[in-house]
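One structure below.
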Amino acid sequence: MSEMNEMKVKIEKLESMLDASVRTVITAVKNDLSSSLKVTVGPLPQTPELIPSASEQSRYTIIPPVGPTTYQDKVLKFTTVVQSQALLKKIWVFQDSRDPLLTIKYWVGEQFNYDDANPVRVSAEGGGNKFMIINEDSDGIAGIAVTMY
C-alpha cells in the first residue's frame, strides 16, 4: 500500500471516530421560502419528506458530519419544489468534521461544494438539538440563508 493510500485510510478512520462523537439534531424547521422543501440524504427521503412553504415542522433529523472527500449523497439536502427547473434550488447542510467546533455549514447550488460552504447564521457550533430557519435573503448564498438556534 502506498504512503498516500495509508494516509487516506488513517484520515477516514479519524473522520469515522469524529462522526461518532458529536451529533447535531434538527428538532424543527421553519420554511420561510415561497416553495415547499423536499428533505433527503442522497436518494433517501427523510421523514417527513416535505416541509410546506411558510410553515414550521417538528422533526428529528441528524445533520451528517462531512469532510472534503465525502460524497454528496451523504449530505443533508433541502430541495425546493417548483414548477420550473430554472427556479430549483438545492440547499446542502452538513456538520464540518474537519472543524474543531464541528461547525454547521450550508451551500446552495446544483452540486455540493464543501470548500465554498458558509457557516449557518447565529448558532453554527455543532452538537445538540437545533431549530433551523430557511429563508430568502439577498445576503445569503444564491439568495438563501440558513439560521440555527
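What the sequence shown shows, in my numbering, is residues 24 to 172, in sequence order.
Virtual Cβ for every residue (Gly too), placed ideally from N, Cα, C.
Small disclaimer: the values here were computed from a predicted structure and weren't measured.
Classified as exposed, tyrosine 94 has fewer than 16 neighbouring CB atoms from the shown chains inside 10 Å of its CB. A contact between stretches requires three or more CB pairs, one per stretch, nearer than 8 Å, and the region 95 to 110 meets this requirement with the region 45 to 61.
From the listed residues Ser146, Met30 and Asp160, the smallest Cα separation to isoleucine 49 is found for Ser146. Separation of the CB atoms of valine 52 and glutamine 80 is rounded to 5 Å, and the pair is thereby assigned contact status at 8 Å. In the structure shown, aspartate 96 adopts helical secondary structure according to DSSP, grouped into three states.
In this structure, DSSP gives valine 64 an extended state, which the three-state scheme calls strand.
Cβ-Cβ separation between glycine 151 and threonine 47: approximately 7 Å, consistent with a contact (criterion under 8 Å).
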